[in-house]
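In this text, residue positions in the sequence shown follow the working numbering: the first is 211, and each later residue adds one.
Backbone N, C-alpha and C fix where the C-beta goes; we use that ideal spot for every residue, glycine too.
Please read these numbers as outputs of a predicted model, since none were measured by experiment.
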Amino acid sequence: MPTTSGSPFGLALRRALLITLYGAVILVPLGLTIGVVKPGAQGRLVVFSDALGFAALSLIALQVIASGRWASTTRVFGLRPVLHLHRQAGKASLMLVIAHVAILMLDDPRRLRLFDVPDAPGRARAGTIAVLALVGIAVTSIWRAKLGMRFEHWRASHLALTGVVIAASFVHVIWVRAYTSLADERDVVLALVIAAAAALFWARVAHPYRTALKPYRVVAVRRERGGAVTLELEADGHDGLRFGAGQFARLRPAHAPYSLDDHPFTLSSSAAHPEHPSFTVKALGDFTTAVADLRPGDEILVDGPHGEAVRDGDRRRGRILLAAGIGITPAMSVLRTAAERGSTKPFLLLYGSRQWADITFREELAALGRRLPNLQVVHALSRAEPGWPGERGRVGEQLLRRYAPRDIARWSALICGPAAMVAEASVTLALLGMPMRAIQAEGFE
Ligand SMILES: Cc1cc2nc3c(=O)[nH]c(=O)nc-3n(C[C@H](O)[C@H](O)[C@H](O)COP(=O)(O)OP(=O)(O)OC[C@H]3O[C@@H](n4cnc5c(N)ncnc54)[C@H](O)[C@@H]3O)c2cc1C
Numbered sequence: 211m212p213t214t215s216g217s218p219f220g221l222a223l224r225r226a227l228l229i230t231l232y233g234a235v236i237l238v239p240l241g242l243t244i245g246v247v248k249p250g251a252q253g254r255l256v257v258f259s260d261a262l263g264f265a266a267l268s269l270i271a272l273q274v275i276a277s278g279r280w281a282s283t284t285r286v287f288g289l290r291p292v293l294h295l296h297r298q299a300g301k302a303s304l305m306l307v308i309a310h311v312a313i314l315m316l317d318d319p320r321r322l323r324l325f326d327v328p329d330a331p332g333r334a335r336a337g338t339i340a341v342l343a344l345v346g347i348a349v350t351s352i353w354r355a356k357l358g359m360r361f362e363h364w365r366a367s368h369l370a371l372t373g374v375v376i377a378a379s380f381v382h383v384i385w386v387r388a389y390t391s392l393a394d395e396r397d398v399v400l401a402l403v404i405a406a407a408a409a410l411f412w413a414r415v416a417h418p419y420r421t422a423l424k425p426y427r428v429v430a431v432r433r434e435r436g437g438a439v440t441l442e443l444e445a446d447g448h449d450g451l452r453f454g455a456g457q458f459a460r461l462r463p464a465h466a467p468y469s470l471d472d473h474p475f476t477l478s479s480s481a482a483h484p485e486h487p488s489f490t491v492k493a494l495g496d497f498t499t500a501v502a503d504l505r506p507g508d509e510i511l512v513d514g515p516h517g518e519a520v521r522d523g524d525r526r527r528g529r530i531l532l533a534a535g536i537g538i539t540p541a542m543s544v545l546r547t548a549a550e551r552g553s554t555k556p557f558l559l560l561y562g563s564r565q566w567a568d569i570t571f572r573e574e575l576a577a578l579g580r581r582l583p584n585l586q587v588v589h590a591l592s593r594a595e596p597g598w599p600g601e602r603g604r605v606g607e608q609l610l611r612r613y614a615p616r617d618i619a620r621w622s623a624l625i626c627g628p629a630a631m632v633a634e635a636s637v638t639l640a641l642l643g644m645p646m647r648a649i650q651a652e653g654f655e
């Protein structure tokens with residue numbers, strides 16, 4: 211099945227390029243600091259500490275330049291790995307900053323008075339502000355739920371604090387005398403900060419502007435089983451959204467193109483019809499509930515496609531789709547696309563729902579069985595009524611072991627559901643002999 215993910219070679223090349231770029235952005239400033247700065251009166255320990263501070267700033271700037279907002283990174287690596295890297299890089303930059311400060315204090319404990327904000331010099335004040343903002347990012351990101359913070363408030367504060375960290379670190383580095391004397395250093399810091407500011411501008415102003423130029427019109431709002439709603443859209447005066455099954459887009463009200471409050475949804479429609487994308491949304495909070503109130507004719511903005519499309523399945527013998535609840539949307543796109551393209555490939559869908567009445571797309575899946583001659587659908591119900599003759603429980607190891615094809619090593623898999631299910635299913639598939647590169651997973655968290 212053709213997808214927008216391109217050839218395996220092209221994908222590997224783009225991955226290698228992005229990884230090299232990532233490494234260079236971190237290592238070049240670090241190498242410059244250690245290699246070029248002469249310790250002089252400051253001593254080697256101070257130079258080492260500054261190198262750590264520099265690496266932290268590079269890492270932070272890189273988080274803005276290559277975050278989960280960028281289709282160029284999520285299309286190549288998938289959203290989950292990019293977000294995972296983002297979180298780990300955030301923790302690493304905090305550790306580097308702590309090490310930077312601790313080494314300076316150990317080298318000369320009199321520097322502790324630099325924390326006395328009213329009397330401290332400007333460069334120390336800027337440094338303290340940057341550290342506090344970074345700690346603020348860590349605390350609100352790790353304990354958002356415990357702090358009772360709404361997602362949109364967290365995101366706004368995340369963005370604001372990131373701006374403070376970058377601006378304050380910039381001022382800090384520029385005011386620290388050792389660096390102002392070295393043009394190379396200053397240029398690298400400047401380049402990093404400008405790149406991060408440009409990335410922010412692109413993500414929050416230029417890209418939303420471009421998205422607003424290609425609006426979509428609501429054609430139908432259809433209620434589905436399981437408390438979901440399908441939003442059928444139509445490109446309004448343009449060619450639509452060229453996407454691959456498995457990709458997602460961010461939806462935003464047409465009247466608020468620059469709003470921070472956009473929401474990601476996987477395309478559930480066939481990739482063969484870019485001009486008619488559709489999304490199936492389960493009501494969970496304010497935005498997902500409001501979707502049901504949209505009416506035919508309303509305008510909506512669609513920013514995408516993002517995320518990794520299902521990889522080239524033509525090389526594999528068949529495809530296993532594992533879905534739980536509303537995690538059925540990418541599998542639905544895969545099956546609808548395959549049906550339109552007249553595919554005869556074997557598909558095995560293991561689909562977990564609560565009860566028979568809750569199964570989103572139940573009737574359509576049965577109908578798809580007539581268009582896809584080698585589709586097998588297995589429903590597993592976690593709260594099955596007495597007398598249910600089918601599978602009970604969740605989609606996991608036991609179900610997979612029972613239904614896995616003998617030649618599983620030649621199949622591929624797409625998993626979409628809660629994190630625990632994704633982890634269990636990935637491990638089981640690998641244990642059963644499926645190569646890791648043939649397993650794709652997406653979660654909605
Ligand atoms: C890649 C991806 C694909 C998704 N595909 C689908 C889909 O096909 N169908 C579907 O029903 N849901 C999907 N979701 C989940 C959907 O985005 C959230 O349920 C929705 O954004 C919740 O918004 P709310 O205002 O209604 O709820 P809220 O009460 O504001 O949020 C509920 C929870 O949803 C998450 N969330 C909220 N806003 C966002 C946001 N802007 N970005 C990411 N997470 C957010 C947070 O964890 C939050 O705690 C997907 C999520 C991701 C990350």
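query, result
"The stretch 588–602 in contact with the stretch 556–568 per 3-pair CB rule at 8 Å", "yes"
"Cβ contact check for the stretch 259–273 and the stretch 295–308: 3 or more pairs under 8 Å", "yes"
"Backbone secondary structure at residue 670 - three-state DSSP", "In this structure the chain extends from 211 to 655, so residue 670 is not present and cannot be described."
"Run of the alpha helix (DSSP H) containing residue 338, from where it starts to where it stops", "332–352"
"From 286, 543, 278, residue whose alpha carbon lies closest to that of residue 229", "286"
"Status (buried if at least 16 other CB within 10 Å, exposed otherwise) for residue 494", "exposed"
"Opposing strand residues paired with residue 650 [DSSP bridges]", "624"
"Endpoints, beta strand (DSSP E) assigned at residue 533", "529–534"
"Coarse secondary structure for residue 640, derived from DSSP in three states", "helix"
"Whole-number beta carbon distance between residue 539 and residue 482, since they are thought to touch under 8 Å", "Incorrect: roughly 17 Å between the Cβ atoms, too far for contact."
"Pair within 8 Å by beta-carbon distance, residue 436 and residue 492", "yes"
"Counterpart residues of residue 513 in DSSP-defined beta bridges", "460"
"6 Å Cβ shell around residue 450 - same chain, five flanking residues per side excluded", "484, 485"
"Buried or exposed by the 16-neighbour rule on C-beta atoms within 10 Å, applied to residue 349", "exposed"
"Residue 410 to residue 570 span [Cα, whole Å]", "38 Å"
"Cβ-heavy atom distance, residue 503 to ligand 1, below 7 Å", "no"
"Straight-line Cα distance separating residue 627 from residue 602", "17 Å"
"Proximity of residue 652 and residue 634 at Cβ, strictly below 8 Å", "no"
"Buried or exposed (CB count within 10 angstroms, at least 16 for buried), residue 360", "exposed"
"Bridge partner(s) assigned by DSSP for residue 492", "438"
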